[in-house]
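Participant: This is the structure, below, for whatever I ask next.
Quick look at the structure:
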């Protein structure tokens, strides 16, 4: 626990015993504060939110109670103003998880607790005020007297009859007024008149917003193959025993991983336990959710497509125990359910499970820790597991590898064909669709089938530059070149011929946008575009296949509801070709897709990220898995200038294990994950010299801690990252490399409370960074 501290003397110095509470706030002060709990506020428990005066101005802030005790040492302590919640919002298990997150990810506990709650819950949303009616009597005998006094056949008598049938007496909850009026086939005025006689009373109460319950559709039993049966048997053993265990479910695309998830969840629910399943945000389509809704009536859904109020309503539904299965994106790992039986992370390799703001947690690793705390089973599923998870199966006691090596119904894996584009200079500048891919598209479309094309680059072109002087248009806030995006919303009359009227220049780092000048600001020559993105691909497809219905899917064109609607439309064959970025690779199921074209498999192979080959292999394998999922076989065309790269070679063979064995010796030799742990310390400042000076100071402090304590930590830096300035802030990195998670946590616990807090610039810790 963080040390307590007096906050300005506001008490009378009394030595009488009182209840004090440790409070943490959602700010950067990495410690707790002690407050007196006034008797009139009642009992306080860990996990409840409070309102408390803070600082010299006694500004009222919301905080979280993390502990309380009776003590006579209350001198100088302020008093809590209010206990906001009638009961704790967070379970003891979630509080334990929050403490671990705070330690492991080097984040103030108050910020962690705040991140666990949806914004709507913190605002008090999710409930509505409703009026309930009950008879003004305590038993059936008194109720009959009220009934007999009313005129026969009157509407008031109908109201009383229903209230008697429902035993809606004073001590009961009553009947919601609109429902009562509807059942009695009368009006609100008639009900009001009944209340005015004193025969009935009304009471206002906050109730959970109505959440539509799903009708469970009985589906025919799916015949499992032997690999699925063996996997389910081992997972269910842990669920039955309420024992912790992590299962890395390595199944090729289309191997029936989802059915394994459903069987594990069903087993947990049958025993009165709860289950959580996490999916990448983009995979939370109506298609995916519907599959779970068909099997589980008491289902709660948490994703960004919901409004704050809807999300709060779903959260309270879970908290009240009205949901057995919770399905959601990253933050659903904090769902407030009790008696957890199983937590599942689908596509566990996905980088979207890593939060990029404080607390910078990885939902996959958080799910494993939560399962450990609550003695639950944890399933990490993927066709292309992260090296970390695969490695853990070989080294860690509680990890076990389960394999699903075949597609369901013995469907064949798609036929993979690479096309060497290395000798074609105009590739990706003048054209993107080579002859082989064009022929394959013509064949699929001619057969009434559908196709998916992947180009993992947004926008129209990657660079806006001057071929005369070489000047490139850069972002005014970042050290990054701007990307050209077509736009239909420009006011073309306002550009006066000086600017390109077909689109805007966008920064993919800070999000800023600007008009694109027609001429170079340095030498006044005509500017040109280089490189190709998903918008340009869509235009080339429309030009080469004018009769085809083409849709594009990327973060520019898709926002929540739009994305889900497009996926539904494509599944109904309202489009022939779906083109776009890696959003296409996220667990989608289209039985009529027989062709996948990977337009450029090399978009990330040139990256300085040591995981670039792993990410390329994952992307090729995942998007290839979208084809051949129905009765017709699938085909994949891979256009690449590096056909001999391990990522392409092993992806073509559907050989994950071979790729892992090819790459892992290099990781071990260089001391990289999964063999050692990494942490990034980043210093940010709007002044470059200040960022550099403070980074040097931080590195010296960290080096001193390493040397003084003899810790096995390797420190690199400070150094400037590839993009040194983002959002007008200059950045300097310090990279830490530790022998184990324990060593890293031990070191960072010392570092976070050291002199490093004196550094004037902003300081950020990112544990297990994904560069």
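Numbering (the UniProt record's numbering), first residue to last: 1 to 771.
Every residue gets a Cβ at the ideal spot worked out from N, C-alpha and C, and that includes glycine.
1. Which residue spans inside the region 39-104 form an unbroken beta strand (DSSP E) run of at least 3?
2. Less than 8 Å separating the beta-carbons of residue 563 and residue 327?
3. May I ask you to report which of helix, strand or coil DSSP gives residue 562?
4. Just the C-alpha distance for residue 188 and residue 297, rounded to the nearest angstrom, thanks.
5. Hey, could you find the ends of the alpha helix (DSSP H) residue 115 is sitting in?
6. I'd like the span of the alpha helix (DSSP H) that includes residue 182, first residue to last.
7. Just how far apart, CA to CA, sit residue 380 and residue 235?
8. Spatial neighbours of residue 646 within its chain, please: C-beta separation below 8 Å, excluding the five flanking residues on both sides.
9. Taking just the CA atoms, how far does residue 331 sit from residue 652?
10. Report all residues from its chain with a CB closer than 7 Å to the CB of residue 421; omit the five preceding and five following residues, and keep chain order.
11. Near residue 509, which residues of its chain fall below 6 Å by C-beta distance, leaving aside the five closest residues on each side in sequence?
12. Going by beta carbon distance, what residues of the same chain come within less than 6 Å of residue 762, once the five residues before and after it are set aside?
13. Taking only runs of the alpha helix (DSSP H) that begin and end inside the region 606-636, which ones reach a length of at least 4 residues, in chain order?
14. Counting along the chain, where does the alpha helix (DSSP H) carrying residue 23 start and finish?
15. Between residue 266 and residue 295, is the Cβ-Cβ spacing less than 8 Å?
16. Using only CA atoms, which one of 43, 111, 171, 164 lies nearest to residue 63?
17. May I ask you to report which of helix, strand or coil DSSP gives residue 780?
18. In whole angstroms, give me the CA-to-CA distance for residue 19 and residue 49.
19. Count the other CB atoms, across all protein chains shown, that sit within 10 Å of the CB of residue 365; report buried if there are 16 or more and exposed otherwise.
20. Please confirm if the region 388-406 is in contact with the region 248-267, defined as three or more CB-CB distances below 8 Å between the two stretches.
21. Tell me the DSSP secondary structure of residue 771 in three-state form.
22. How many angstroms separate the CA atom of residue 362 from the CA atom of residue 743?
23. CB-CB under 6 Å to residue 493, same chain, minus the five flanking residues each way: which ones, in chain order?
24. Would residue 735 pass as a contact of residue 717 if the rule is Cβ separation under 8 Å?
25. Across the region 666-677 and the region 449-463, are there enough close Cβ pairs to call them in contact, namely three or more that are closer than 8 Å?
26. Report the three-state DSSP secondary structure of residue 276 (helix, strand or coil).
27. Please report the distance separating the alpha-carbon of residue 769 from that of residue 686.
28. Between residue 100 and the rest of its own chain, which residues show a CB-CB distance below 7 Å, the 5 nearest in sequence each way excluded?
29. With burial defined as no fewer than 16 other Cβ atoms inside 10 Å of the residue's Cβ, what is the status of residue 160: buried or exposed?
30. Just the C-alpha distance for residue 627 and residue 92, rounded to the nearest angstrom, thanks.
31. What does DSSP give as the partner residues of residue 464 in its beta bridges?
32. What does the Cβ neighbour count give for residue 316, buried or exposed, with the cut at 16 atoms within 10 Å?
33. At which residues does the beta strand (DSSP E) containing residue 379 begin and terminate?
34. Tell me the residue span of the alpha helix (DSSP H) that contains residue 509.
35. Name the residue from 61, 36, 499 whose alpha carbon lies nearest to the alpha carbon of residue 72.
36. Exposed or buried, residue 775, counting other C-beta atoms within 10 Å across all chains shown (16 or more means buried)?
Facilitator: In short:
1. 49-54, 59-71
2. no
3. helix
4. 33 Å
5. 109-115
6. 177-184
7. 11 Å
8. 613, 617, 659, 662, 663
9. 34 Å
10. 427, 434, 639, 640, 641
11. 478, 480, 726
12. 684
13. 612-624
14. Where residue 23 is concerned, there is no enclosing alpha helix (DSSP H), although the beta strand (DSSP E) it sits in stretches over 18-25.
15. yes
16. 111
17. Beyond the ends of the chain as shown, which are 1 and 771, falls residue 780; an answer cannot be given.
18. 16 Å
19. buried
20. yes
21. coil
22. 19 Å
23. Low per-residue confidence applies at residue 493: pLDDT is 48, beneath 50, and the placement is therefore not dependable, though the value from the model is reported in the following sentence. Nothing meets the Cβ criterion.
24. yes
25. no
26. strand
27. 23 Å
28. 369
29. buried
30. 45 Å
31. 529
32. buried
33. 377-382
34. Residue 509 -> no alpha helix (DSSP H), and no H or E assigned at all.
35. 36
36. Absent from the model: residue 775. The displayed extent of the chain is 1 to 771, so no value can be given.
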